[in-house]
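Visitor: What the sequence shown shows, in my numbering, is residues -19 to 344, in sequence order.
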Amino acid sequence: MKNEESRLTELIACFVLFEIGSTTLFQIAADAGQDAWLAMLIGSAVGFMLLLLYLWIHKMNPNRSLYEMCVHFYGKWLGKGVGFILVFYFAYESSRNLRDLGELAAFALLNRTPLAVLMLIGILVVGNSVRYGAHIVFLVCLAMLPTVLLSYMLLIFMIIGKGMLHFEYMQPVLENGFGPVISAALPETVSFPFGQSLLFLVFFPMVRKDKNLGKAMLISYICTAVVLTVINQINILVLGPTLTKLTLFPLLQVVQLIEAAEVFERMDVLFVIVLFVGLGTKVIMFYIGAVTGLAQITKIGYRKWVLPIGALIFGASFLSPNFSHHLWVGIDVILNKLDPYFQFGLPLVLLTVMLLRRKKRMQG
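(1) Put Ile(-8) into one of helix, strand or coil per three-state DSSP.
(2) So, for Ser74: in the same chain, excluding its five sequence neighbours on each side, which residues have a beta-carbon less than 6 Å away from its beta-carbon?
(3) Report the rounded CA-to-CA distance for Leu(-12) versus Asn192, giving the unit in angstroms.
(4) By a C-beta neighbour count over all protein chains shown, 10 Å radius and 16 as the cutoff for buried, is Ala291 buried or exposed?
(5) Go ahead and pull the three-state DSSP assignment for Glu242.
(6) So does the region 10 to 29 actually touch the region 204 to 219, counting three or more Cβ pairs closer than 8 Å?
(7) Helix or strand or just coil, what does DSSP make of Ser75?
(8) Between Leu35 and the rest of its own chain, which residues show a CB-CB distance below 7 Å, the 5 nearest in sequence each way excluded?
(9) Mind listing, in chain order, the continuous beta strand (DSSP E) runs of no fewer than 3 residues lying wholly within the region 178 to 227?
(10) Under the assumption that Phe(-5) contacts Leu135 (Cβ atoms under 8 Å), give the Cβ distance between them as a whole number of angstroms.
(11) With burial defined as no fewer than 16 other Cβ atoms inside 10 Å of the residue's Cβ, what is the status of Val243: buried or exposed?
(12) Counting C-beta neighbours from all protein chains within 10 Å, is the total for Val97 16 or more, i.e. buried, or is it exposed?
(13) Could you name the residues that DSSP lists as bridge partners for Ser(-14)?
(14) Answer with buried or exposed for Ile199, where buried requires no fewer than 16 other C-beta atoms within 10 angstroms of its C-beta.
(15) Let's see if you can read the secondary structure: which residues bound the alpha helix (DSSP H) around Ile8?
(16) The alpha helix (DSSP H) that contains Ser131, what's its start and end?
(17) Could you check where the alpha helix (DSSP H) with Ala165 kicks off and where it finishes?
(18) Helix, strand or coil: how does DSSP classify Ala83 here?
(19) Thinking C-beta only, is Ser45 closer than 8 Å to Leu181?
(20) Am I right that Met186 and Ala114 are in contact with their C-beta atoms under 8 Å? What's the rounded C-beta distance?
(21) Would you tell me roughly how many angstroms separate the C-alpha atoms of Leu228 and Gly82, rounded to the nearest one?
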C-alpha cells in the first residue's frame, strides 16, 4: 500500500461518519428515560476530554501512529504486545458492527436470507475497500458525507412537519434525580460512541501536517455530538420513553410512522440504506485500524493482512448465538467493563510515559 497523505477535510468527513456510525440505530442512555439527552450531553463532555487527551498524545509525537508510539515508548516487546492487543480489540469492534449490519439487513430488508450470507457479503464488500487503504476510504467518506447529513436533516424536518413530536414526553425532568442519568452516561455513553475516537490515533499521522487539525477535530466533534443528542431524543419525543426502551431499533420505528403522501410511505427502506453507510464506515475503519497495526508491528505488507483479519472479523461476528446475547455482551461487558481500559487507561498510561521520557531527556 502506498503511503499517501490525506487532506484534513477527508479525515474530518471520515471522523463524522464514524461517530454517527451505528449510534442512530440504537437508543443511547435508554435507562435514563426522558433524561437521555442529559446523559448524552454528559457522555459527550467526557468524550470531549478524551479527544483532548488523544490530540495531546498526537501533538507530542505527530509522526508516529498509536502502534508505533506503543513500541517506541513501552519498549520493543511490551510495546508489540500492547499493539497486538489493540489489533484484536479493533478487529472485535469491527466484528460487532458487522453483526449489527447483518441483523439490520435481516430485520428490515432480507428476512429470508441467512444471517451468515448477509455478513459474508458485507465482509467481502468491506474487505475489497480495505485493501485500497485509508486514503481511498477517506475520499469515499468525503463523497458520502453530504448525502448522509442531508438524509438526517430531511428526516428531522419531516418528523417536525408531520407534528410527531410530543415534548410532554420529556417531563418530568430528573424525575429520579441525577443517579440514573450519571449511571447511563458513565461509562456506557462515553464508551459508545464518543470514546471510540481512540482509533484515530492510528490515522492522524496519515494526514498532511496541518496546524488546524486539533481545532477541526474538536469543532466537528461538538457538532456531531449535538446532532446525535437531538436524533437520540427524537425517539423519545415520538415514541415516549417506555416504548423507546422496549423497541429494538427505535429510530427505524419512528421512520416507519412517517407517511407524507403516497411517495414517502416506505421511508424506512431509504433510511436503512443511510444506516448501512454509517455501519459500513465503522466496520471499515476498525478493520483498517487492525490491518494497519499488524503491518506496522510485523513489518509485513499491509495487503497481506487484509484476508486474515477479514476472516477473523467474520468469525468473531458469530461469537454471540443470538442478537439478544450480542447486545448484552456489547453493553454489560464491552462498554461498561472493557472499553474504559482501552479508551482511557491505555492512553493515560502512554501519555504519562511520554511525559516522563521527555522530562528525563530534558534533564539529561
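Idealized CB from N, CA, C, for every residue including glycine.
Computed from a prediction, not measured in an experiment: that's the story for all the values here.
Guide: Straight from the coordinates:
(1) helix
(2) Val263, Phe266, Tyr267 and Ile293
(3) 8 Å
(4) exposed
(5) Reliability fails at Glu242, whose pLDDT of 49 lies under 50, so the model's placement of it is uncertain and the value that follows must be treated cautiously. Of the three classes helix, strand and coil, the one that applies to Glu242 here is coil, per DSSP.
(6) yes
(7) helix
(8) Gly194 and Met197
(9) none
(10) Not quite, the Cβ-Cβ distance comes to about 22 Å (not below 8 Å), so this is no contact.
(11) Here the model assigns Val243 a pLDDT of 48, short of 50, so the residue's position is not dependable, and the following value carries that caveat. Result: exposed.
(12) exposed
(13) Val187
(14) exposed
(15) Ile8 -> no alpha helix (DSSP H), and no H or E assigned at all.
(16) Ala114 to Gly141
(17) Neither: Ala165 is in no alpha helix (DSSP H) and is coded neither H nor E.
(18) Reading off the sequence shown, one finds Glu at residue 83, where the question assumed Ala. Of the three classes helix, strand and coil, the one that applies to Glu83 here is helix, per DSSP.
(19) yes
(20) 6 Å
(21) 14 Å
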